[in-house]
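Residue numbers (my numbering): 51 to 282.
Beneath this line is the structure, given in structure tokens, with notes to follow.
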């Protein structure tokens, strides 16, 4: 099986003074390349912690995490930053665009961090055209609608051909009509290009469009969850 993510007994403990808070209590699952997976759970369930670990924004207290055949659980900060830039495309609820840059400038950022110069502009134009914003590439975020800003964020997430796109409440700041358009765009990337898509969401309508749902409760996978499929 071609796994893009393999997680085994992943734990995350936060130290708060003399108190230890176990945000993740040992989760095990795999995600197949080209899959669409929704991560769900109530506040405090551990889904934000899991998102940070999968996105290489943090490291686990213990357990194994393999992303696209690279073991990342014990990497230092610089190594995490490198693999994050190469293998993970992020789409956030708040778009996270730099206001002083144009759309194309925002999309170019991961290529700048990777040290790429020659193809940077051409690839950024292609990415913006792929999300329907070829005619808005020189506009700054304040000149774009919310849906257009999220399309810029998706183009930026795609620019390095990542192993997966990690979308955190990608339609949370959008009205229902625009949110549906953004979800259709993300799902089309999966259908047409085989992009692995992980959605962190509380919205059951969005989750219902995923191939699988990983449900968390108190830092553990819920019993009987279909996320258990594929676990060895």
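Virtual Cβ for every residue (Gly too), placed ideally from N, Cα, C.
Predicted, not measured: the structure shown is a model, and the values here were computed from it.
Query: Sequence-distant residues of its chain with Cβ nearer than 6 Å to residue 103 (five each side left out); Result: 110
Query: Extent of the continuous alpha helix (DSSP H) run through residue 82; Result: From DSSP, residue 82 is part of no alpha helix (DSSP H) but of the beta strand (DSSP E) over 69 to 82.
Query: Candidates 267, 212, 65, of which the one nearest residue 118 by Cα; Result: 212
Query: Through-space distance from residue 92 to residue 193, alpha-carbon basis; Result: 35 Å
Query: Simplified DSSP assignment, three categories, for residue 60; Result: strand
Query: Spatial distance of residue 101 from residue 182 (CA atoms); Result: 28 Å
Query: Nonlocal neighbours in the same chain, by C-beta distance under 7 Å from residue 176, ignoring five residues either side; Result: none
Query: Cβ-based burial, residue 207 [other Cβ within 10 Å; buried from 16]; Result: buried
Query: Contact set for residue 164: own chain, Cβ-Cβ below 8 Å, skip 5 residues either direction; Result: 135, 136, 210
Query: Among 68, 67, 87, 59, nearest to residue 76 - alpha-carbon criterion; Result: 59
Query: Neighbourhood of residue 140 by C-beta, 7 Å cutoff - its chain only, sequence neighbours within 5 removed; Result: 105, 207, 216
Query: Whole-number beta carbon distance between residue 260 and residue 86, since they are thought to touch under 8 Å; Result: 5 Å
Query: C-alpha gap between residue 126 and residue 222, whole angstroms; Result: 32 Å
Query: Per-residue burial, residue 124 [other beta carbons within 10 Å of its own, 16 or more giving buried]; Result: exposed
Query: N- and C-terminal bounds of the alpha helix (DSSP H) containing residue 100; Result: 97 to 104
Query: Buried/exposed call for residue 185, threshold 16 Cβ in 10 Å; Result: exposed
Query: Where residue 275 falls: helix, strand or coil (DSSP); Result: Bear in mind that the predicted position of residue 275 carries a pLDDT of just 46, short of 50, making it too unreliable to give a figure here.
Query: Paired residues, beta bridge with residue 55 - DSSP; Result: 81, 117
Query: Endpoints, the alpha helix (DSSP H) within which residue 232 is located; Result: 226 to 243
Query: Under 7 Å between C-beta atoms of residue 154 and residue 132; Result: no
Query: Close Cβ partners of residue 244 (< 7 Å) along its chain, the five nearest in sequence each way excluded; Result: 84
Query: Between the CA atoms of residue 97 and residue 200 - distance to the nearest angstrom; Result: 22 Å
Query: Chain-order list of residues whose beta-carbon lies under 6 Å from that of residue 108 (same chain, five-residue window excluded); Result: 102
Query: Neighbourhood of residue 272 by C-beta, 6 Å cutoff - its chain only, sequence neighbours within 5 removed; Result: 265
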